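Here's the structure we're looking at; comments come further down.
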Amino acid sequence: MFLFFRLICIIFIILFLPITKKYLNFTKSFQNTIFFYNWTEYVPQEILDQFTKETGIKIIYSTYESNESMYAKLKTYKKQSYDLVVPSTYFVAKMKNEGMIQKIDKKKIPNFVNLDSRFLNKSFDLNNEYSIPYMWGATAIGINTNIINPDSVNSWNDLWNPKYYKSISLIDDAKEVFQMSLIKLGYPGNTTNLQYIKEAFIDLKKLMPNIISFNSDNPGYPFIEGSVNIGMIWNGSAYSVQQLGIPLKFIWPKEGGIFWMDSFVIPSNAKNIKGALKLINFLLRPDIASKIAQKTGFSTPNLQAQKLLPLNMINNNVLYPNNQIINKGIWQNDVGINISKKYEIFFQELKNL
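Number 308 in numbering that gives the first Met the number 0 belongs to position 309 of the sequence shown; there are no gaps in the numbering.
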């Protein structure tokens, strides 16, 4: 009987040991790999390489050019899950409400304490249960001062001036474009009131003759190429254009800028949560966050990182505006699936005019 039992054990080991090894190797490969999905040109490659060197964890890095494309891929792409994604403000709320992201254990992110409290606990994610701020910025007006008198532009309304026929670039984002019109008209920028949205649509139809392009990859390119002299632009893009010596001025409109924040989130089906938390903590390290801010030209919400920035950056009103400008601005928030669809339908109609 004993010999028979030993024989059965040997047969079991022979049959199932390779499978067990394969499973363990498969599990280990996920623990040693992070699938990171982020905006284009938003983390320098040397930073990712440094993380791998310090931790031994490999990063598979993929990029997207809009929140919509990121959202669509996460909704439809089932073959491979991502461990870390960086959606903007209202998409954090949208993804949270749809169960696409999971709560984050901030105790596993000691560098969370480095973040500026002004950028925490926002309406799209109270108490930052699901998201950790990475970069923030605002959309306002950029002008080429060689062509346009900077004193002649101080309002969103100025973009409707007929003299700018076929010369304006807009951000290729339904929410931002409608928010520009809504706050210009005196309505809440995150409204769900269909009447207000329809009025903004009518208002934007009047703007379309002035529009020559839409851009959400890098709104600074049209100014670099010289194809536009006025338009919507992100403050980080404006700063980068200025560093090239191009005479671009970033103007905060009197109605307020459109503020956004790109935050780390962990998808609900993430395989390597532990690795994602390690990467978030690494990217919130002051020396790392400072390098990223300097390389990308975008504003960091990391107070300790700001102390490491050169004075020409931290004292720059484009990248780090005063509290008055920040408080006047509007932060994007989720308006629900049905209203979001309305915005998108109207936006596509505008682009087809």
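Just so it is clear, CB atoms sit at the ideal spot from N, CA and C, and this is done for glycine as well. The structure displayed is predicted, hence computed values, not measured ones.
Where residue i falls: helix, strand or coil (DSSP)
i           : result
residue 75  : helix
residue 263 : strand
residue 342 : helix
residue 70  : helix
residue 170 : strand
residue 231 : strand
residue 121 : coil
residue 21  : With a pLDDT of 46 at residue 21, under the threshold of 50, the modelled position of this residue cannot be trusted, and the question is left open.
residue 129 : coil
residue 156 : helix
residue 99  : coil
residue 87  : strand
residue 58  : strand
residue 248 : strand
residue 80  : coil
residue 193 : helix
residue 212 : strand
residue 298 : strand
residue 108 : coil
residue 36  : strand
residue 220 : helix
residue 63  : strand
residue 366 : Any property of residue 366 remains undetermined from this structure, which presents the chain solely from 0 to 352.
residue 114 : strand
Spatial distance of residue i from residue j (CA atoms)
i           : j           : result
residue 311 : residue 244 : 15 Å
residue 76  : residue 268 : 12 Å
residue 165 : residue 210 : 5 Å
residue 266 : residue 275 : 10 Å
residue 23  : residue 121 : Note on residue 23: pLDDT 41, under 50, position unreliable in the model; no value is reported.
residue 57  : residue 250 : 41 Å
residue 259 : residue 194 : 25 Å
residue 176 : residue 128 : 29 Å
residue 137 : residue 257 : 5 Å
residue 207 : residue 54  : 51 Å
residue 20  : residue 140 : Annotation note: pLDDT 46 at residue 20 (below 50); position unreliable, no value reported.
residue 241 : residue 219 : 10 Å
residue 333 : residue 94  : 9 Å
residue 190 : residue 52  : 47 Å
residue 60  : residue 162 : 44 Å
residue 197 : residue 273 : 46 Å
residue 27  : residue 270 : Note that residue 27 scores a pLDDT of 48, beneath 50, so its modelled location is shaky and nothing firm can be said.
residue 113 : residue 289 : 12 Å
residue 123 : residue 134 : 15 Å
residue 284 : residue 304 : 8 Å
residue 37  : residue 96  : 21 Å
residue 187 : residue 342 : 14 Å
residue 352 : residue 344 : 13 Å
residue 350 : residue 115 : 38 Å
residue 324 : residue 316 : 10 Å
residue 130 : residue 84  : 10 Å
residue 145 : residue 152 : 14 Å
residue 185 : residue 105 : 38 Å
residue 199 : residue 340 : 15 Å
residue 49  : residue 171 : 33 Å
residue 41  : residue 215 : 14 Å
residue 291 : residue 132 : 14 Å
Whole-number beta carbon distance between residue j and residue i, since they are thought to touch under 8 Å
i           : j           : result
residue 261 : residue 87  : 5 Å
residue 264 : residue 100 : 4 Å
residue 228 : residue 109 : About 47 Å; that fails the 8 Å criterion.
residue 354 : residue 156 : Outside the displayed span of the chain (0 to 352) sits residue 354, for which this structure offers no information.
residue 119 : residue 234 : With 8 Å as the limit, residue 119 and residue 234 do not qualify as a contact, their Cβ atoms being about 20 Å apart.
residue 309 : residue 154 : That belief does not hold up - the Cβ atoms of residue 309 and residue 154 are roughly 32 Å apart, past 8 Å.
residue 167 : residue 225 : With 8 Å as the limit, residue 167 and residue 225 do not qualify as a contact, their Cβ atoms being about 14 Å apart.
residue 70  : residue 34  : The pair is not a contact, with the Cβ atoms about 16 Å apart (cut-off 8 Å).
residue 222 : residue 247 : 5 Å
residue 43  : residue 294 : 5 Å
residue 63  : residue 174 : Incorrect: roughly 16 Å between the Cβ atoms, too far for contact.
residue 302 : residue 286 : With a Cβ gap of about 14 Å, residue 302 and residue 286 do not count as contacting.
residue 205 : residue 159 : 6 Å
residue 329 : residue 178 : 6 Å
Per-residue burial, residue i [other beta carbons within 10 Å of its own, 16 or more giving buried]
i           : result
residue 237 : buried
residue 150 : exposed
residue 254 : buried
residue 103 : buried
residue 169 : buried
residue 98  : exposed
residue 335 : exposed
residue 201 : exposed
residue 181 : buried
Residue i: CB within 6 Å of a non-hydrogen atom of the ligand ATP
i          : result
residue 95 : Of ligands this structure carries none, so the ligand ATP is not represented either.
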